[in-house]
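One line per chain: the protein sequences are L and A, in this order.
With the first letter of the first sequence counted as 1, position 247 gets the number 247 in UniProt numbering; the numbers rise by one all the way through.
With the first letter of the second sequence counted as 1, position 448 gets the number 448 in UniProt numbering; the numbers rise by one all the way through.
Yeah, the Cβ is synthetic: ideal placement off N, Cα and C, and Gly gets one too.
Only a predicted model underlies this, so the values are computations on that prediction, with no experimental measurement involved.
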Amino acid sequence: MELLSKSASELASMLVKKEISSVELTKAQLDNIDKLNPKINSYLTVTHELALSQAKQVDDQRAKGESLPALAGVPIAVKDNLATIGIATTAGSKILQGWVPPYDATVVKKILANKMPILGKTNLDEFAMGSSTENSAYGPSLNPWDLTRTPGGSGGGSSSAVASMQAPLAIGSDTGGSIRFPAAVTGTVGVKPTYGAVSRYGLIALGSSLDQVGPVTRNVMDAAMLQDAIAGHDPMDATSLPESLGSMTEAAKNDSVKGLRIGIIKELTGEGFQKGVSEKFNEALEVLVAAGAEIVEVSCPSFQYAIAAYYLIQPAEASSNLARFDSVRFGLRVMPEGAATVEKVMSATREAGFGPEVKRRIILGTYALSSGYYDAYYGSAQKVRTLIQADLAKAFEKADVLVSPTAPTTAFKLGEKQEDPLAMYLNDIATIPANLAGIPGMSLPVGLAKEDNLPVGAQFLAPAREDARLYKVGAVLEKLLEAKWSKKMMDFAPELKVN
Amino acid sequence: MVQKDDGLRSRAEGELMAKDQLMDYQKALEAYEVVIGLEVHVELNTNTKMFCGCANVFGDEPNTNVCPNCLGFPGAMPAVNGKAIENSIKIGLALDCQIAATGRFARKNYFYPDLAKNFQTSQYDEPIAFEGKIDIEVPSGKVFTVEIERAHMEEDAGKLTHVGGSTGRIQGAEYSLVDFNRAGVPLVEIVTKPIYGAGDEAPELAAAYVRSIREIVKNLGVSDARMERGNVRCDANVSIRPKGEAKLGTRTETKNVNSLRSIERAVKYEIQRQAHLLSQGVAIIQETRHWHEDRGATSSGRPKSDADDYRYFPEPDLVPIKPSKEWIEQIRATLPEKPAVRRKRLMELWGFSELEFRDVVNSDLLDEIDETVKAGAKPQAARKWWTGELARIANSENKDINELAITPLQVAQIAELVESGKLTDRLAREVLTGVLAGEGDPAAIIAARGLEVVSDDGALLAAIDKVLAEQPDVLEKIREGKLQAAGAVIGAVMKAMSGSADAARVRELVIQRATEG
Ligand SMILES: [Zn+2]
Numbered sequence: 001m002e003l004l005s006k007s008a009s010e011l012a013s014m015l016v017k018k019e020i021s022s023v024e025l026t027k028a029q030l031d032n033i034d035k036l037n038p039k040i041n042s043y044l045t046v047t048h049e050l051a052l053s054q055a056k057q058v059d060d061q062r063a064k065g066e067s068l069p070a071l072a073g074v075p076i077a078v079k080d081n082l083a084t085i086g087i088a089t090t091a092g093s094k095i096l097q098g099w100v101p102p103y104d105a106t107v108v109k110k111i112l113a114n115k116m117p118i119l120g121k122t123n124l125d126e127f128a129m130g131s132s133t134e135n136s137a138y139g140p141s142l143n144p145w146d147l148t149r150t151p152g153g154s155g156g157g158s159s160s161a162v163a164s165m166q167a168p169l170a171i172g173s174d175t176g177g178s179i180r181f182p183a184a185v186t187g188t189v190g191v192k193p194t195y196g197a198v199s200r201y202g203l204i205a206l207g208s209s210l211d212q213v214g215p216v217t218r219n220v221m222d223a224a225m226l227q228d229a230i231a232g233h234d235p236m237d238a239t240s241l242p243e244s245l246g247s248m249t250e251a252a253k254n255d256s257v258k259g260l261r262i263g264i265i266k267e268l269t270g271e272g273f274q275k276g277v278s279e280k281f282n283e284a285l286e287v288l289v290a291a292g293a294e295i296v297e298v299s300c301p302s303f304q305y306a307i308a309a310y311y312l313i314q315p316a317e318a319s320s321n322l323a324r325f326d327s328v329r330f331g332l333r334v335m336p337e338g339a340a341t342v343e344k345v346m347s348a349t350r351e352a353g354f355g356p357e358v359k360r361r362i363i364l365g366t367y368a369l370s371s372g373y374y375d376a377y378y379g380s381a382q383k384v385r386t387l388i389q390a391d392l393a394k395a396f397e398k399a400d401v402l403v404s405p406t407a408p409t410t411a412f413k414l415g416e417k418q419e420d421p422l423a424m425y426l427n428d429i430a431t432i433p434a435n436l437a438g439i440p441g442m443s444l445p446v447g448l449a450k451e452d453n454l455p456v457g458a459q460f461l462a463p464a465r466e467d468a469r470l471y472k473v474g475a476v477l478e479k480l481l482e483a484k485w486s487k488k489m490m491d492f493a494p495e496l497k498v499n
Numbered sequence: 001m002v003q004k005d006d007g008l009r010s011r012a013e014g015e016l017m018a019k020d021q022l023m024d025y026q027k028a029l030e031a032y033e034v035v036i037g038l039e040v041h042v043e044l045n046t047n048t049k050m051f052c053g054c055a056n057v058f059g060d061e062p063n064t065n066v067c068p069n070c071l072g073f074p075g076a077m078p079a080v081n082g083k084a085i086e087n088s089i090k091i092g093l094a095l096d097c098q099i100a101a102t103g104r105f106a107r108k109n110y111f112y113p114d115l116a117k118n119f120q121t122s123q124y125d126e127p128i129a130f131e132g133k134i135d136i137e138v139p140s141g142k143v144f145t146v147e148i149e150r151a152h153m154e155e156d157a158g159k160l161t162h163v164g165g166s167t168g169r170i171q172g173a174e175y176s177l178v179d180f181n182r183a184g185v186p187l188v189e190i191v192t193k194p195i196y197g198a199g200d201e202a203p204e205l206a207a208a209y210v211r212s213i214r215e216i217v218k219n220l221g222v223s224d225a226r227m228e229r230g231n232v233r234c235d236a237n238v239s240i241r242p243k244g245e246a247k248l249g250t251r252t253e254t255k256n257v258n259s260l261r262s263i264e265r266a267v268k269y270e271i272q273r274q275a276h277l278l279s280q281g282v283a284i285i286q287e288t289r290h291w292h293e294d295r296g297a298t299s300s301g302r303p304k305s306d307a308d309d310y311r312y313f314p315e316p317d318l319v320p321i322k323p324s325k326e327w328i329e330q331i332r333a334t335l336p337e338k339p340a341v342r343r344k345r346l347m348e349l350w351g352f353s354e355l356e357f358r359d360v361v362n363s364d365l366l367d368e369i370d371e372t373v374k375a376g377a378k379p380q381a382a383r384k385w386w387t388g389e390l391a392r393i394a395n396s397e398n399k400d401i402n403e404l405a406i407t408p409l410q411v412a413q414i415a416e417l418v419e420s421g422k423l424t425d426r427l428a429r430e431v432l433t434g435v436l437a438g439e440g441d442p443a444a445i446i447a448a449r450g451l452e453v454v455s456d457d458g459a460l461l462a463a464i465d466k467v468l469a470e471q472p473d474v475l476e477k478i479r480e481g482k483l484q485a486a487g488a489v490i491g492a493v494m495k496a497m498s499g500s501a502d503a504a505r506v507r508e509l510v511i512q513r514a515t516e517g
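Rendered as structure tokens:
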């Protein structure tokens, strides 16, 4: 167990020193998955043989003295909305049950090129639509801190896997907070890079103009190393940034916040936030101030329209992105009763294959794009996007990074918000603006809320392409908090009883 | 937009096949003013598809030129083919269009089994080229300036084959097959503004316009421009209104018009059909109609309204295209001569009369004759073959002349053989038949069928002597100087030689033989 709670960077250095082999590490990791996953449901598919054969290959290469990438041999979990050759890829939906892609997502290719054994594919809300994994067609994942609660969503599979030592690292995707919210409620680190920093090719699209792939880890350095491994221009993704954003690993070695201007977003503090969340957030700020950072207050008034805009743009894009699930070329095919026409087969398949939240958003999005409504809905939402970008640009004149709690509350109970989609949507209030503006955001654990002993996350935001700033401030805050607590965040976690 | 079958809307077959009544064409034109609008799709001949690296080839085994992208697999993303953009700009420039500083792709959303993503990546409010014009000459010699509204890029859909059922259409079919080789092939859609004032020449103008577009894209080298393969496809919008009426009539959009002849016929048909309905006080339904070449009629497709909702929105997976001014000017500098300039040059080069030349243009034979001349034929010979025998065959087979299975080189070879006296006109026609039947090149057919002209006078003289001996009265007349009497002998000799003799030589020998003896 001690081995598995080590960070990816520690494991990487043990591998280099040959204190452990990748096969041993991967085997131990798989054993823990076999023990925990039946209860926690982090993984939809566990790829035992593939992971071990990849591990063996790395070990062989290392034995021969070949030069290997930094994370070579460190196993990883991949969210099940990224295409993987030969491994079932479901996006948490029945409509893709058993679908095995004939191609790898670019991120997956990079993971393989970095010689990281793939442990399996992690659970998510169907097509990443949700904040709790309760919309997964394959049942929710549980929060290792309290098995009656959500590990967040949509990437609750990845966050719960990393938080319960079923993987040292995981890949997530973030459309409105799907990396950062799960990280916040599981005491892990989650980063949504700048839009375009990581290729989307092979990511099953939710909202194409919002989606971004990123790391889920147990500390800042691990996230930095993983972002470095997966980032970079990809000619297969036209929206991928042409330029490199520099080394996040280098940024994560930073040890000072002296003179750093930290902007507190007025609209994302105070009312509406759980007391224990605000307390831990403020403590973290005090720690930063004590270390020489400067706190300024900034205002982003158009954030009040962010959720409304988001729930027009994202469903609109999703309604179009999900049109391809029609049973003609791949995936589920359901034959209707009576004489089948192609139209009836498509309808029957989509009726049976999509869950209620997906249908709700397809309807929302179809409506928002309809002629006569387009300007009022989709058009206005795009204008809000521009306003939010303008607000942020102004805020970044006063501050180097912005900060807020990642989410208004700690992990909520499974079932608590399932009947109230609007309450579920409000959960993303702090995370959505980053997606609308295309800027990077990091959620970092800042302690446990007094009233429920559950993890609280602070979210840092930086201007587009300035991802390094997140790692610089994150690394320092993490170190200061660990010094203050004299332990790591995960050491607070209760012992997992899964029988 | 990509051509759609109306199969998803259920319509009774009987209704589709209802026979229309038509008003006499001249009467229709006396009462109504015709307005037409043309949408021409040009398939580009780039090596690869519009948004992926798959080969853009016609006629390959179905579903072999496909990838996750053009199959619309989850997670796949488009990457724009730069050559397709360059070619689209070429077309825009050749049509005197302005080229957009920023062109954006949009998604056009509709479900259809040949559309892999169930949306078509197209251009909507920001086309690559807009506001152009082109002068079109109709058979009467009159020139119309057709204004181009826009030329935009989009991707083609896959190809459906409906199996079972009687109509070859989706309804009634047992099952349908879909070939995605064509899915994602780059298209440029060229849309005209409404064309007024063509009167009774509207059908000819429509055909001449499409001919010009075809000529342009072919000369630009951006498309194979073969209508029979669907490289150039036309949708014809037709509306009519009573003369003097300011309000435009309701239009129909006739699809599936894929030859120049059909375009002319379809427009004429729609004018007559609509005129009959209006004269009976029946309103025209705004709809798409299908052209049936065999019946020479259009039939009702699906109702279409301006409210047809494709939920267009900007394609979030692509960034806007921003062609630089320098690049556009570079492309402009590479454009070939304009059709009007080329025509003038060729007319002078070939020495055709104005009438002959107009006949060539109107018969859509400019390229064929140009290539035949380039292959070595004399211009007049090339013209005679194409506008004569080949036109006659195409007409009798109800085909476009460009669809005939003969190349300009083969025509040039035949013309050359006639020129050198190796083939008679009659033999040449037989060789032509062989070529059209796919028996090979002229030389091979001549060898296989033994068609070469008999130039051995010995065989001829033997035949002549035999015929003269059988017809002593004719021999007498020739000897008396009545040379026209030789005709009967020549005919009989030619028959005896199974046509493989040069008639002029036979005549020469007949007279020589008769006067000798
Ligand atoms: Zn392809």
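- Listed in chain order, the non-local C-beta contacts of Q61(L) below 7 Å within the same chain comprise L68, local neighbours out to five positions each way being set aside.
- Taking a cut-off of 8 Å for Cβ pairs, the segment 253 to 266 of chain L and the segment 461 to 476 of chain L touch, as three or more such pairs fall below it.
- Straight through space, the alpha carbons of G157(L) and P463(L) are spaced by roughly 29 Å.
- The bridge partners DSSP lists for L210(L) come to none.
- In the structure shown, the three-state DSSP call for T133(L) is coil.
- Counting of Cβ neighbours within 10 angstroms places K94(L) among the buried residues, the total reaching 16 or more.
- Collapsing the DSSP output to three states places T150(L) in coil.
- Nearest Cα to L71(L) within the set Y43(L), I87(L), K110(L) and G65(L): K110(L).
- Collapsing the DSSP output to three states places T366(L) in a helix.
- Burial state of I369(A) is buried, judged by a 10 Å Cβ sphere holding 16 or more other Cβ atoms.
- Nearest neighbour of C70(A) by Cα position, chosen from K399(A), G37(A) and R182(A), turns out to be R182(A).
- Ordered along the chain, residues surrounding ligand 1 are C52(A), C54(A), C67(A), N69(A) and C70(A) [Cβ under 5 Å from any heavy atom].
- Rounded to whole angstroms, F303(L) and I388(L) show a C-alpha spacing of 6 Å.
- What A316(L) touches in chain A, judged by beta-carbon distance under 9 Å, is R311 and F313, going in chain order.
- Closest in alpha carbon position to D234(L), among G141(A), P78(A) and E326(A), is P78(A).
- Beta-carbon to beta-carbon, A137(L) and G92(L) are separated by about 6 Å, close enough to satisfy the 8 Å threshold.
- By the neighbour-count criterion, in which 16 or more other beta carbons inside 10 Å mark a residue as buried, A238(L) falls on the buried side.
- Note that the segment 377 to 391 of chain L touches the segment 296 to 315 of chain L; at least 3 beta-carbon pairs, one per stretch, sit closer than 8 Å.
- At a cut-off of 8 Å between beta-carbon atoms, M50(A) makes no contact with chain L.
- Chain A has no Cβ within less than 8 Å of the Cβ of P336(L).
- Two segments are said to touch when three or more pairs of C-beta atoms, one from each, lie closer than 8 Å; by this definition the segment 344 to 359 of chain L does not touch the segment 392 to 410 of chain L.
- Collapsing the DSSP output to three states places R107(A) in a strand.
- The beta carbon of S363(A) lies closer than 8 Å to those of W386, T387, A391 and I401 in the same chain, with the five residues before and after it left out.
- Take V510(A), set aside five residues on each side of it, and the residues of its chain with a beta-carbon closer than 8 Å to its own are I464, L468, I478, A486, V489, I490 and V493, in chain order.
- Contact annotation: L335(A) and K90(A) have beta-carbon atoms nearer than 8 Å.
- Each of G438(A), L483(A) and K384(A) was checked against the Cα of D425(A), and the nearest Cα belongs to K384(A).
- At a cut-off of 8 Å, the C-beta of T90(L) has no neighbouring C-beta in chain A.
- Listed along chain A are F73, each with a C-beta nearer than 7 Å to that of F330(L).
- In the displayed model, M153(A) falls within a strand according to three-state DSSP.
- Residues of the segment 75 to 88 of chain A with a C-beta less than 9 Å from any C-beta of chain L: G75, A76, M77, P78, A79 and V80, listed in chain order.
- V74(L) is a Cβ neighbour of L169(L), given a cutoff of 8 Å.
- Secondary structure of L220(A) (DSSP, three-state): helix.
- Annotation for S140(A): E201 place their beta carbon closer than 7 Å to its own, counting only its chain and skipping 5 residues before and after.
- Membership of D359(A) in any beta strand (DSSP E) is not indicated; the residue belongs instead to the alpha helix (DSSP H) covering E354 to N362.
- Nearest in C-alpha terms to K466(A), of all of A496(A), Q123(A), P442(A) and G132(A), is A496(A).
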